[in-house]
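Colleague:
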Amino acid sequence: MGFQIDINCDMGESFGNYVMGQDAEILNHVSSANIACGFHAGDPLVMAKTVRLAVEKGVAIGAHPSYPDLQGFGRRKMDMTPDEIEAMVIYQIGALDGFARANGTHLTHVKAHGALYNVAAQDPAVAKAYARAVARYNPELAFVCLATAPMIIEEGHKAGLRVLREAFADRAYNPDGSLVNRRLPGSLISDPEKSVEQVIRLVKQGEIVAHDGTILKLEADTVCVHGDGPTAPAIARALKARLEEAGITVAVPLQGQAV
0 MGFQIDINCD MGESFGNYVM GQDAEILNHV SSANIACGFH AGDPLVMAKT VRLAVEKGVA
60 IGAHPSYPDL QGFGRRKMDM TPDEIEAMVI YQIGALDGFA RANGTHLTHV KAHGALYNVA
120 AQDPAVAKAY ARAVARYNPE LAFVCLATAP MIIEEGHKAG LRVLREAFAD RAYNPDGSLV
180 NRRLPGSLIS DPEKSVEQVI RLVKQGEIVA HDGTILKLEA DTVCVHGDGP TAPAIARALK
240 ARLEEAGITV AVPLQGQAV
């Protein structure tokens with residue numbers, strides 16, 4: 000069996016008159032789209048347009064729920080009860096699912112955004128509430144989570160979900176497998192060539208080099224490109240072309256695949 004990886008992108012993050020990212024271009028080069036559901040970014044028209052574009056490009060559609068934090072772009076931790084987290088995640092999945100159904104398709108996965116993604120990887124109560132929300136809405140949805148966070152992977156399994164481990168093409172890693180804080184220099188990888196090197200090494204050798212040179216053993220089913228990055232289209236374009244040249248198939252994980 001040859002090498003295969005899914006390339007996903009966080010998108011649909013414009014809001015009203017404010018444009019974020021180059022979604023139409025990026026959709027030419029990815030296999031999965033994580034679409035904002037209105038809590039950290041996105042609005043009904045943006046959601047409708049992004050879903051329609053993804054359908055036209057044959058790209059799998061997933062919900063990208065977050066804390067209700069438009070001003071902070073969902074990157075600030077919020078003090079919410081497990082019940083509140085469960086309800087807000089179900090609410091957001093349902094909103095995007097409505098647009099998917101209206102366009103004759105269905106959701107394939109869910110991936111939390113920003114602070115919710117990071118807190119769920121560390122806080123058992125948040126992880127359980129988040130996984131429970133996805134399972135209650137639709138247990139057939141794939142559960143995308145940080146490949147280096149065993150706790151959230153375990154909670155996905157406990158909820159009966161198919162887990163997809165995620166790595167990042169455009170983020171630097173700490174030696175412990177966590178992502179370098181966005182506020183620190185070098186946390187974001189903007190050079191398409193460096194992104195390509197990181198992903199090819201990940202897929203073929205099962206490892207990533209942390210910012211200090213530490214070699215991290217890592218297995219992933221999907222790789223993320225952040226749509227709000229200034230060089231996101233160039234990174235997505237380079238990944239699609241160079242991975243195929245390296246004998247790596249870019250495709251959505253098969254339904255039966257799971258950790």
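Start counting the sequence shown at 0; every next residue gets the next number (numbering that gives the first Met the number 0). Where a beta carbon is used, it is the ideal one built from N, C-alpha and C, also for glycine.
Relative to the C-alpha of Ser30, which candidate in Ser189, Ala53, Thr49 has its C-alpha closest?
Modeller: Comparing Cα positions, the closest option is Ala53.
Colleague: If you draw a straight line from the C-alpha of Ala47 to the C-alpha of Leu140, how long is it?
Modeller: Their backbone Cα atoms lie some 20 Å apart in a straight line.
Colleague: Based on Cα-Cα distance, which residue from Arg161, Arg181, Thr230 lies nearest to Val260?
Modeller: As displayed, the chain neither begins before 0 nor continues past 258, which places residue 260 out of reach and without an answer.
Colleague: Distance, Cα to Cα, Gly15 vs Gly212?
Modeller: Cα to Cα, the separation comes out at about 42 Å.
Colleague: Is there a Cβ of chain C sitting closer than 8 Å to that of Ile234, yes or no?
Modeller: The chain labelled as chain C is not found in the depicted structure, where only one protein chain is given.
Colleague: Run through the segment 99–177 for me and flag every whole alpha helix (DSSP H) of 4 or more residues, listed as ranges in chain order.
Modeller: Listed in chain order, they are 113–119, 123–136, 149–157.
Colleague: When the Cα atoms are used, what is the spatial distance from Asn117 to Asp78?
Modeller: When rounded, the distance between both Cα atoms is 14 Å.
Colleague: With a Cβ-Cβ cutoff of 8 Å, do Val208 and Ile199 count as a contact?
Modeller: Not closer than 8 Å, so no.
Colleague: For Ala2, count neighbouring C-beta atoms within 10 Å of its own C-beta (all shown protein chains included) and say buried if the count is 16 or more, exposed if not.
Modeller: According to the sequence provided, residue 2 is Phe. The question's Ala does not apply to it. It is exposed - the Cβ of Phe2 has fewer than 16 other Cβ atoms within 10 Å.
Colleague: Go to Thr283, then tell me how far its beta strand (DSSP E) extends in each direction, as first and last residue.
Modeller: Given that the chain is displayed from residue 0 to residue 258, the structure contains no residue 283 and the question cannot be resolved.
Colleague: What separation, rounded to the nearest whole angstrom, lies between the Cα atoms of Lys157 and Tyr129?
Modeller: Approximately 12 Å between the Cα atoms of the pair.
Colleague: Quick check: the Cα distance between Leu95 and Glu192, rounded to an integer number of angstroms?
Modeller: Whole-angstrom Cα-Cα distance: 33 Å.
Colleague: So what does DSSP say about Val224, is it helix, strand or coil?
Modeller: Val224 falls in the strand class under three-state DSSP.
Colleague: So, using beta-carbon positions, are Met19 and Asp169 closer together than 8 Å?
Modeller: No; because the gap between Cβ atoms is not below 8 Å, this pair is not in contact.
Colleague: Check whether the Cβ of Ser177 lies closer than 7 Å to any heavy atom of the ligand FAD, and answer yes or no.
Modeller: The ligand content of the structure shown is nil, which means the ligand FAD is not present either.
Colleague: Please list, in chain order, all residues of the same chain as Ala235 whose beta carbon is under 6 Å from its beta carbon, the five residues on each side excluded.
Modeller: Counting only Cβ-Cβ distances below 6 Å, and skipping sequence neighbours, we find Ile25, His28, Val29, Val224.
Colleague: To the nearest angstrom, how far is it from the Cα of Asp5 to the Cα of Glu55?
Modeller: Computed Cα separation, rounded: 18 Å.
Colleague: Does DSSP put Val45 in a helix, in a strand, or in coil?
Modeller: The answer is helix: DSSP assigns Val45 an H, G or I state.
Colleague: Got a sec? Which residues, its chain only, sit under 6 Å from Pro232 by beta carbon, not counting five neighbours each side?
Modeller: Here the set comprises Gln21, Glu24, Ile25.
Colleague: Look up Glu206 in the DSSP assignment and say whether it is helix, strand or coil.
Modeller: In this structure, Glu206 counts as strand in the three-state DSSP scheme.
Colleague: At the level of alpha carbons, what is the spacing between Ser13 and Glu218?
Modeller: Distance between the alpha carbons of Ser13 and Glu218 is about 32 Å.
Colleague: Taking all protein chains shown into account, decide if Leu115 is buried (16 or more other Cβ within 10 angstroms of its Cβ) or exposed.
Modeller: Buried.
Colleague: Return the CA-CA distance between Gly73 and Thr248, expressed in angstroms with no decimal places.
Modeller: Cα to Cα, Gly73 sits roughly 32 Å from Thr248.
Colleague: Give the C-beta separation of His108 and Gly61 to the nearest angstrom, bearing in mind that I take them to be a contact with Cβ-Cβ under 8 Å.
Modeller: So it is a contact: roughly 4 Å between Cβ atoms.
Colleague: Applying the 10 Å Cβ sphere with the 16-neighbour rule, what's the burial state of Lys203?
Modeller: It counts as exposed.
Colleague: Given a cut-off of 8 Å, decide if Pro67 and Phe38 are closer than it, judged by their beta-carbon atoms.
Modeller: Yes; because the gap between Cβ atoms is below 8 Å, this pair is in contact.
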